[in-house]
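If you count by numbering that gives the first Met the number 0, then the sequence shown holds residues 0 to 215, one letter each, in order. Every residue, glycine too, gets a C-beta built ideally from N, C-alpha and C. The structure appears below as structure tokens.
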Amino acid sequence: MAEAERGSSRLVDRFRLVGGDPALDFLNTRDGRWLPEAEVQEALEEYGDLLRFARRTGLLEEGAISSLEEAARRDAQGAREALRRAREVRERLARILGALVAGEAPDLRDREGFQRDRLDLEAQRRLDFGPEGTTWAWEDPAGLDRPLREVLCRILALLASPLGRLRRCEAPDCDWFFLDRSRNGTRRWCSMETCGNRAKARRHYERGRKTAGGEG
């Protein structure tokens with residue numbers, strides 16, 4: 000399948016939730032980032048896409064999304080900056096997780112950048128004390144970077160847990176991440192209906208070529 004066809008089929012629904020965690024689905028909103036000849040497919044083209052992602056994944060409640068939609072209408076420049084920042088952090092996280100999946104140490108600059116991301120996140124959270132206990136709350140719950148903050152919370156939780164089930168799709172033309180929750184831990188593809196079926200088709204084609212070559 001041509002790269003353009005592959006990308007359009009993957010992102011025709013804009014967000015295909017195959018990661019098993021909203022944080023990984025967030026990384027998967029860009030398709031083809033490491034493929035030398037791929038036409039990169041970007042699912043987060045505007046700030047509204049970030050909110051649509053938050054709605055689709057349940058990352059934010061509807062009331063929070065409505066507040067952010069209104070905030071974005073009032074501050075278009077701020078919304079563009081929030082989107083730019085979200086995409087920047089997304090790519091840094093993708094490089095870090097890609098290295099971890101490969102059993103390598105993430106690049107020093109990416110590690111330092113992530114530490115800054117984490118410190119920025121902590122500066123925006125406070126611990127509220129109530130009669131039923133303590134809860135985390137945001138200093139500015141309607142800040143335009145709220146979707147990114149929620150993703151970073153998920154990423155921190157993911158990185159603090161065992162990473163033995165973290166995978167990157169084995170298809171040579173895919174760079175998507177997912178959590179392997181199969182019983183035997185043998186899941187290879189982000190999606191069987193896309194990458195898995197294409198891999199089967201390639202194997203079938205190669206077997207046919209070898210058979211034809213042997214008969215010749």
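DSSP three-state call for residue i: helix, strand or coil?
i    : result
D139 : coil
D30  : strand
T134 : strand
G184 : coil
G129 : strand
E45  : coil
L178 : strand
L158 : helix
R167 : strand
In whole angstroms, what separates the C-alpha of residue i from that of residue j?
i    : j    : result
R108 : R148 : 21 Å
E192 : A104 : 32 Å
R94  : L67  : 28 Å
A42  : F113 : 22 Å
G102 : L96  : 10 Å
E121 : A63  : 20 Å
Between residue i and residue j, is the Cβ-Cβ spacing less than 8 Å?
i    : j    : result
A70  : L151 : no
V39  : R29  : yes
R110 : L155 : no
G57  : R180 : no
Evaluate residue i with the Cβ neighbour count: other Cβ atoms within 10 Å of its Cβ, from every protein chain shown; 16 or more gives buried, anything less gives exposed.
i    : result
D106 : exposed
F128 : exposed
R83  : exposed
W135 : exposed
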